[in-house]
Amino acid sequence: MKPLVSIIIPTYRRAHLITGALDSIIAQCFKNWECIIVDDGSDELTIKTLKKFIKKDSRIKLLSRLNNTLKGPSACRNLGLRNAKGKYIQFFDDDDVMYYNLLSDKIEIMEKNNLDVLVSPMDFFSVDKNKTLFKNKVAAKDTTKAYLLGEISWYVSGPLWLKSFLTENFDEFVQTLDDWDFNLRNIYRKPKIGYTANSYQRYNLYEKGNTLSTLAQKGDEKQINSVYYVYSKHFLLLKESKKLTKDIYIRFYKLLTPLLRESLIIKKPVSNKIFNFLLQNIKIFIIPKFIKIYTGFYFYKFFNKGYRLVKF
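1 is the number of the first residue of the sequence shown in the UniProt record's numbering; add one for each residue after it.
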């Protein structure tokens, strides 16, 4: 008998989008799956839409995020994971689309090679332009280093995981970069990884997104705090394990400096936290560039000028 796969989808008020994802799951040529949808407090329309799918296919199940957990996809995925019965776990987003052979091809490779995780690229599809723009790179000789340097990216639904390997859950304090954080913490544990050249899903792109600039324009201190929390957490984890090479060190400064710059716009305490973190963890090879950051930070604080100096 084929192994059971648990597909876990968090959702929130996306009735107009999740139908495409569920239709693509039902159309899989591999039939031994369960789909656990975890609702994060949606409206009646979304619930009604989901119940129609459940009535049509008993393999689809609906759970609701527990009230004593933080709102967001991380808590939803953790709840789905706790209730999953499958040997394998496929996390999925509610607005993306599986190709019909995703489960069949990936399960066959996982079983044949006894893998902990199998990672596939995705077709990044512009909904507005109605065309595929690119595929992400997923494989590298040194996975940890390449992931940290941004040379590869897995996202949340690129990997198919062996459930028994997943002792690291999603960090429920993370609202942004939840997949980056989750994947990295599991990569640190050195899983047996396989890769495919083929893409098996479509990652839908929309014009509006949560870039640092739009987060700052919205005054979204909570989201900026989440990004800072993730970057600083991994910096300290690597520092403690003595795995902070010079290029990874510089990479974190390149990630945190624009975050500092954008957080200055919203003029809230998060900018002080980021600046102090950069200052406390400075190295000699960082000092020449940090002088400009230091100058720009205080000029902007006191005179609302110097924004452009805050760059690495």
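Glycine included, every Cβ here is placed at the ideal spot set by N, Cα and C.
Distance, residue j Cα to residue i Cα
i              : j                 : result
aspartate 116  : lysine 267        : 44 Å
glutamine 217  : asparagine 32     : Model confidence at glutamine 217 stands at a pLDDT of 49, short of 50, so the residue's coordinates are unreliable; what they give is reported in the following sentence. Approximately 45 Å between the Cα atoms of the pair.
tryptophan 161 : serine 226        : 25 Å
aspartate 39   : aspartate 94      : 11 Å
lysine 192     : isoleucine 265    : 43 Å
lysine 71      : tyrosine 203      : 23 Å
isoleucine 274 : leucine 260       : 6 Å
threonine 132  : phenylalanine 125 : 4 Å
leucine 279    : serine 153        : 29 Å
tyrosine 88    : isoleucine 293    : 46 Å
glycine 158    : arginine 185      : 16 Å
threonine 49   : serine 24         : 16 Å
tyrosine 253   : phenylalanine 312 : 7 Å
aspartate 178  : aspartate 142     : 22 Å
valine 97      : glutamine 201     : 6 Å
isoleucine 18  : aspartate 43      : 14 Å
isoleucine 107 : serine 6          : 12 Å
serine 241     : leucine 166       : 21 Å
serine 74      : serine 164        : 19 Å
isoleucine 287 : asparagine 281    : 11 Å
lysine 112     : asparagine 67     : 41 Å
leucine 238    : glutamate 168     : 17 Å
lysine 283     : leucine 148       : 19 Å
threonine 69   : glycine 306       : 41 Å
alanine 15     : lysine 52         : 11 Å
Chain-order list of residues whose beta-carbon lies under 7 Å from that of residue i (same chain, five-residue window excluded)
i            : result
tyrosine 188 : Thr144
serine 199   : Ser120, Pro121, Met122, Asp123 and Lys135
aspartate 57 : Ile26
valine 230   : Val174, Leu177, Trp180 and Asp181
cysteine 29  : Tyr100, Asn101 and Ser104
Neighbour-count burial assignment, residue i, 16 or more Cβ in a 10 Å radius
i              : result
valine 138     : buried
arginine 302   : For clarity, residue 302 is phenylalanine in the given sequence; the question names arginine instead. Counting Cβ neighbours within 10 Å, phenylalanine 302 comes out exposed, since fewer than 16 surround it.
glutamine 175  : buried
valine 156     : buried
glycine 150    : exposed
histidine 234  : buried
aspartate 181  : buried
aspartate 171  : buried
isoleucine 291 : exposed
Among the options, nearest to residue i - alpha-carbon criterion
i              : options                          : result
leucine 63     : Ile248, Gly72 and Ile36          : Ile36
lysine 222     : Lys283, Ser263, Lys85 and Arg185 : Ser263
isoleucine 47  : Glu34, Tyr12 and Asn101          : Tyr12
isoleucine 55  : Leu22, Phe30 and Asn169          : Reading off the sequence, residue 55 comes out as lysine, not isoleucine. Nearest of Leu22, Phe30 and Asn169 to lysine 55, Cα basis: Leu22.
tyrosine 99    : Phe165, Gly20, Pro3 and Ser232   : Gly20
lysine 183     : Phe91, Gly80 and Pro288          : Reading the sequence as shown, one finds asparagine at residue 183 and not lysine. The shortest Cα separation from asparagine 183 among Phe91, Gly80 and Pro288 belongs to Phe91.
tyrosine 300   : Ile282, Ile284 and Asn272        : Asn272
leucine 255    : Thr245, Lys246 and Ser232        : Ser232
asparagine 114 : Thr69, Arg14, Ile284 and Pro3    : Pro3
Neighbourhood of residue i by C-beta distance below 6 Å, restricted to the same chain and skipping five residues each side
i             : result
cysteine 76   : Pro10, Val38, Asp40 and Arg65
lysine 61     : Ile36
aspartate 128 : Glu207
Same chain, Cβ closer than 8 Å to residue i, five either side skipped, listed in chain order
i              : result
valine 270     : Glu221, Ile224, Asn225, Tyr228 and Ser263
residue 331    : Because the chain spans 1 through 312 in this model, residue 331 falls outside it and cannot be assessed.
arginine 308   : Gly296
asparagine 276 : none
threonine 196  : Asp105, Lys106, Ile109, Leu118, Val119, Ser120 and Pro121
Residue i Cβ short of 6 Å to the ligand GTP heavy atom set
i            : result
tyrosine 155 : By its list of ligands, the structure shown contains no ligand whatsoever, and the ligand GTP lies outside what it can speak to.
Counting only runs that start and end within the region 105-179, where is the alpha helix (DSSP H) found for 4 or more residues in a row? Counting whole runs of 4 or more residues, the region 105-179 contains the alpha helix (DSSP H) stretches 143-148.
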